[in-house]
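In the numbering used here, each number is its position in the sequence shown, counted from 1, plus 247. Heads up, the beta-carbon is just placed ideally off N, CA and C, and yes, glycines get one too. Take a look at the structure below.
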Amino acid sequence: HQEVLERYAAEVRQHLAQSEFAAAQAVLKKAGQLAPGHPLVLCLEQEIRQSAPTAAVPESTPSVTSTTDQRKAIAIEPRRYPVLRQDNARFLLAGLATAGELLVVAKPLVTLGSPRETDVDMPIQARLRPQHALIVRQTSPGPNGETHRLIPSAGAFVRVNDATVNEGSSVWLTHGDRLQIGPEISRWTYRRPVKDSKTAVLEQTRPDGAVATLSGGITVRRVVLLDDELRIGRDREQNHLVEVGFPVSRLRLVFRSGHWRAVAERGALFINDSDDSDEAARPMNLPAELVLFNDDQNLLAGALQGERQDYTRTLRLTIV
């Protein structure tokens, strides 16, 4: 079925590129009949909703809601997320000394799979199925405030905290969960360090573990599942990523009104050589270069506390 599904996916995206929404939905219906609840079918449903927000997916389309009772709880709700174009919903963030290079994926549906598959959001360098698993960001929280669910594709081996996730089922993810996506080397830790934020981070903590591999041979050990915003700062409190010696107290990366914005707290920020330290500044388009500057007061305060702080740091955001 995989080759047929991939052909259907290409047809759907071609129709969407030409604003042929009815034709895209017709192809989606065929894909749903072929493989109900398949991660790729879920992705296509969401792409149609994002591209044509006024056109609902036909009720007769088999989806994750028509497979098992367990999956009824993870039905994709109508679009309530900011509209992210395909050319800015996934990018590489480089220039962080502590965290290293990051893959940032700003989608409610994130596919994990083989790097040989072109339509995978998080390609992992391991023996995986083309579309191995799906992480779904829910609009309604789980029983304990959870945000994401993990769904394996048909025949895919997935474990959470050493317990196998069976085909046709799913599991809520909580902070600190250990994920095994395929073989033993593909182990990741799910972290949601800021309780009031739905943004989460997947980390490959094994030195010899499988990494996410992007085009051009770029490898990353951390993948950000971005929802409301990404916060990078000097301390662990209320930050998704901790960066030692960061020039600013906190950098907030936010998607608002169809554009990205970067906001620096207790420091200065230049975007593509323009002063954008004010939150009301112009929107930021990708790719972008962010130059962060410390100020004398922060440097002095840090020195008195024995804390080393950089005067400046350059971050680069590149579409991948």
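Within 10 Å of its beta-carbon, does residue i have 16 or more other beta-carbons around it, so buried, or fewer, so exposed?
{"i": "Tyr-558", "result": "exposed"}
{"i": "Ala-344", "result": "exposed"}
{"i": "Pro-188", "result": "Coverage of the chain is limited to positions 248 through 567, which leaves residue 188 absent and any answer about it impossible."}
{"i": "Asn-532", "result": "exposed"}
{"i": "Asn-408", "result": "exposed"}
{"i": "Thr-561", "result": "exposed"}
{"i": "Glu-294", "result": "buried"}
{"i": "Asp-368", "result": "buried"}
{"i": "Glu-490", "result": "buried"}
{"i": "Lys-319", "result": "For Lys-319, the predicted structure reports a pLDDT of 33, less than 50, and the residue's modelled location is therefore unreliable. The matter cannot be settled from this model."}
{"i": "Pro-388", "result": "exposed"}
{"i": "Gly-392", "result": "exposed"}
{"i": "Val-251", "result": "exposed"}
{"i": "Lys-354", "result": "buried"}
{"i": "Glu-484", "result": "exposed"}
{"i": "Ala-346", "result": "buried"}
{"i": "Asp-474", "result": "buried"}
{"i": "Ile-566", "result": "exposed"}
{"i": "Ala-257", "result": "exposed"}
Whole angstroms is fine: what's the gap from residue i's alpha carbon to residue j's?
{"i": "Glu-450", "j": "Phe-268", "result": "37 Å"}
{"i": "Leu-537", "j": "Asn-519", "result": "6 Å"}
{"i": "Asp-424", "j": "Ala-336", "result": "25 Å"}
{"i": "Arg-327", "j": "Val-352", "result": "Low per-residue confidence applies at Arg-327: pLDDT is 39, beneath 50, and the placement is therefore not dependable, though the value from the model is reported in the following sentence. Those two C-alpha atoms are separated by around 17 Å."}
{"i": "Thr-365", "j": "Leu-339", "result": "17 Å"}
{"i": "Ser-444", "j": "His-487", "result": "9 Å"}
{"i": "Val-259", "j": "Gly-514", "result": "45 Å"}
{"i": "Ala-278", "j": "Gln-265", "result": "20 Å"}
{"i": "Gly-402", "j": "Pro-283", "result": "14 Å"}
{"i": "Gln-261", "j": "Leu-289", "result": "17 Å"}
Checking the sheet assignment: what are the DSSP bridge partners for residue i?
{"i": "Phe-404", "result": "The partner list for Phe-404 (beta bridge, DSSP) is empty, contrary to what the question assumes."}
{"i": "Gly-464", "result": "Paired residue(s): none; Gly-464 is not in a bridge."}
{"i": "Gln-427", "result": "Arg-406 and Arg-434"}
{"i": "Pro-399", "result": "Ala-380"}
{"i": "Gly-576", "result": "Within the shown structure, residues of the chain are numbered from 248 to 567, placing residue 576 beyond reach of any answer."}
{"i": "Arg-563", "result": "Ala-341 and Glu-536"}
- Specify whether the region 463 to 472 and the region 397 to 417 touch according to this definition: at least 3 beta carbon pairs, one from each stretch, less than 8 Å apart. no
- Query: Three or more C-beta pairs closer than 8 Å, one from the region 344 to 358 and one from the region 380 to 398: is that the case here?
  - Reply: yes
- Query: Would you call the region 363 to 373 and the region 425 to 432 in contact, with 3 or more CB pairs under 8 Å?
  - Reply: yes
- Query: Do the region 493 to 505 and the region 444 to 459 touch if we need at least three Cβ pairs shorter than 8 Å?
  - Reply: no
- What are the uninterrupted segments assigned as beta strand (DSSP E) that are 3 or more residues long and contained completely in the region 441 to 510, given in chain order? 447 to 450, 469 to 472, 476 to 480 and 497 to 503
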